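First comes the structure, then the notes that go with it.
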Amino acid sequence: MNEKPKDFDEPLLKGWRFKLLITIVILTSLGYLLFTLWAGFDGVVDGVKKVGIVGIITTLLIACFAFFMRFLRWQSYLRALHHKIPFFKSLKIFVSGFALTITPGKTGEMVRSVFVKPYNVSYRESLGMFLSERVSDVLAVILIASAGLWHYCEARPIVIFFLFLTASIIIVASQTRWLLWIEEKLTHILPEKIQHYPNFLIEGMIAFRACFQPKVMIPGILLGVLAWGAEGSACYLILKTLGANIPYYTTLFIYAFSLLVGAITFLPGGVGGTEISMAQLFILNGIDSTTAVTATLMIRTLTLWFSVFLGLIVIPKKDPQAS
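When you line the sequence shown up against this note's numbering, it's residues 188 to 510, in that order.
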């Protein structure tokens, strides 16, 4: 019988990972508190009470639906790479990644690679799946934002551009020759200090092109649209419960656009950039600051931070043997 490694019984969330998580939680809590004080503490508390237990549970259920859609996408990537993990074991591994989702670019979710390794999923293949998830997420959020913008006639040329961009990325991502050409051009254009970022992405897409083929990528994007669109819908329900007068399509655009802003800032989990942009856009659309902040903090707590909570509950220990 194989001897278990020394760290088998030690929790994965220790050392620098644990310190990072605690630091982010503390800083975020302080940020949320300041945000609440700025909008009016009593007003925000009253808003949370107005949403109530029913509204909170409804939002959590919608969040669970969104997580499950993303899990189905994860399963499709495993199939594309010819790997099979028992359904509930795979679900547990997927959700465990949420424990470290509040890291720049969600890179902490790569912790899943530790748990899929016993199922003969190499670290490089885990990286390919991670890159596929991030690309699909970005394209899905762009599509949701575009759908919200389509209702504004003056914005339709922008929507058409983004739809064209999405289609182009899907096509180019499946063509190794084109990806190599882009990598070569970027090497000559970009400063040496940042060249490795696009090169890393492109090389990952080439190495794991099975995940970037249209038959895998398009369903993955659609599942992403269902997931992030569901969260945007939950945000709309919270706003309506708070008495806000805002169209559904505007809410979807604001939610998706704010997620993109958070991703661009490369802050842990997009925290800060997403919340500020979301609240400000709500205010620009005629919602009072108290309602805007209440809705923003509630939807982020009941989606992002709920996922972190679930991840911390189910995260397994390092197991070198597949059960």
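All C-beta atoms, glycine included, are put in the ideal place defined by N, C-alpha and C. Since the model is a prediction, treat every value here as computed from it, not as a measurement.
At what residues does the alpha helix (DSSP H) containing residue i begin and finish?
{"i": "CYS251", "result": "228 to 267"}
{"i": "CYS422", "result": "401 to 428"}
{"i": "TYR310", "result": "310 to 336"}
{"i": "MET465", "result": "460 to 471"}
{"i": "ILE356", "result": "343 to 360"}
{"i": "VAL480", "result": "476 to 487"}
{"i": "ILE381", "result": "First-last for ILE381: undefined, no H or E at that position."}
{"i": "THR490", "result": "Taken as a continuous stretch (DSSP letters only), THR490 belongs to no alpha helix (DSSP H), as it is neither H nor E."}
{"i": "PHE285", "result": "No alpha helix (DSSP H) contains PHE285, which DSSP labels as neither H nor E."}
{"i": "ALA443", "result": "435 to 452"}
{"i": "VAL303", "result": "299 to 303"}
Decide if residue i is buried, meaning its Cβ has at least 16 other Cβ atoms within 10 Å, or exposed.
{"i": "PRO455", "result": "buried"}
{"i": "TRP415", "result": "buried"}
{"i": "SER216", "result": "exposed"}
{"i": "GLU320", "result": "buried"}
{"i": "PHE254", "result": "buried"}
{"i": "GLU379", "result": "exposed"}
{"i": "PHE399", "result": "buried"}
{"i": "THR223", "result": "buried"}
{"i": "TYR511", "result": "With the chain covering 188 to 510 only, the question about residue 511 has no answer from this structure."}
{"i": "ALA354", "result": "exposed"}
{"i": "LEU366", "result": "buried"}
{"i": "GLU371", "result": "exposed"}
{"i": "SER512", "result": "Nothing about residue 512 can be read from this structure; the chain reaches only from 188 to 510."}
{"i": "VAL232", "result": "exposed"}
{"i": "TYR264", "result": "buried"}
{"i": "PHE205", "result": "exposed"}
{"i": "GLY430", "result": "exposed"}
{"i": "LEU491", "result": "buried"}
{"i": "GLY239", "result": "exposed"}
By Cβ distance below 7 Å, which residues in the same chain neighbour residue i in space, the five residues on each side in sequence not counted?
{"i": "ALA509", "result": "Only weak support exists for where ALA509 lies, its pLDDT of 42 falling under 50; the value from the coordinates is given anyway. Taken in chain order, the residues that qualify are PRO305, TYR306."}
{"i": "MET328", "result": "A quick correction: the sequence has Val, not Met, at residue 328. Answer for VAL328: TRP415, ALA443, LEU446, LEU447, listed in chain order."}
{"i": "VAL495", "result": "PHE285, ALA286, THR288, ILE289"}
{"i": "GLY419", "result": "ILE331, THR438, LEU439, TYR442, ALA443"}
Note down, in chain order, each residue of its chain lying with its Cβ closer than 6 Å to the Cβ of residue i, except the 5 sequence neighbours on either side.
{"i": "GLU296", "result": "GLY284, THR288"}
{"i": "ASN189", "result": "Confidence at ASN189 is low in this model, with a pLDDT of 41, below 50, so its placement is unreliable and the value that follows should be read with caution. Nothing listed; no residue qualifies."}
{"i": "VAL458", "result": "THR215"}
{"i": "LEU410", "result": "MET256, LEU259, ARG260"}
{"i": "ILE502", "result": "SER283, ALA286"}
{"i": "LYS191", "result": "Low confidence applies here, because LYS191 scores a pLDDT of 39, under 50, leaving its location unreliable; read the following figure in that light. Correct list: empty, nothing qualifies."}
{"i": "SER464", "result": "SER445, VAL448"}
{"i": "ALA226", "result": "SER476, THR477, VAL480"}
{"i": "ILE408", "result": "SER323, LEU326, ALA327"}
{"i": "LEU373", "result": "PRO385"}
{"i": "GLY242", "result": "THR428"}
Considering only their Cβ atoms, is the gap separating residue j from residue i smaller than 8 Å?
{"i": "PHE489", "j": "VAL282", "result": "Residue identity differs from the one stated: residue 489 is Leu in this sequence, not Phe. The answer is no: Cβ separation not under 8 Å."}
{"i": "LEU318", "j": "LEU388", "result": "yes"}
{"i": "GLY315", "j": "TYR436", "result": "no"}
{"i": "TRP337", "j": "VAL325", "result": "no"}
{"i": "THR245", "j": "LEU377", "result": "no"}
{"i": "CYS422", "j": "ILE358", "result": "no"}
{"i": "PHE252", "j": "ALA417", "result": "yes"}
Candidates the options: which alpha carbon is nearest residue i's?
{"i": "SER313", "options": "ALA332, GLN262, SER464, ALA286", "result": "GLN262"}
{"i": "LYS276", "options": "MET256, VAL458, PHE302", "result": "PHE302"}
{"i": "ARG154", "options": "ASP229, ILE280, ALA354", "result": "Limits of the chain in this structure are 188 at one end and 510 at the other, which puts residue 154 out of reach."}
{"i": "GLY391", "options": "SER361, ASP229, PRO344, LYS237", "result": "SER361"}
{"i": "GLU462", "options": "TYR219, PHE274, ILE211", "result": "TYR219"}
{"i": "LEU207", "options": "THR290, VAL238, THR428", "result": "THR290"}
{"i": "PHE349", "options": "VAL238, SER333, ALA431, GLY460", "result": "SER333"}
{"i": "LEU471", "options": "GLY460, ILE441, VAL238", "result": "ILE441"}
{"i": "VAL403", "options": "LYS236, HIS269, GLY242", "result": "HIS269"}
{"i": "ARG542", "options": "VAL238, ILE393, LEU278", "result": "Limits of the chain in this structure are 188 at one end and 510 at the other, which puts residue 542 out of reach."}
{"i": "ALA267", "options": "LEU491, ARG396, ILE369", "result": "ARG396"}
Please tell me whether residue i has its Cβ less than 8 Å away from any Cβ of chain C.
{"i": "ILE433", "result": "Considering every chain present, this structure includes no chain C. It has just one protein chain."}
Output needed for residue i: all residues of its chain with C-beta closer than 8 Å, excluding positions within five of it in sequence on either side, in chain order.
{"i": "PHE493", "result": "LEU247, ALA250"}
{"i": "LEU426", "result": "ILE433, THR438, PHE469, ILE474, THR478, ALA482"}
{"i": "LEU484", "result": "TYR219, PHE222, THR223, VAL231, GLU462"}
{"i": "ILE451", "result": "GLY460"}
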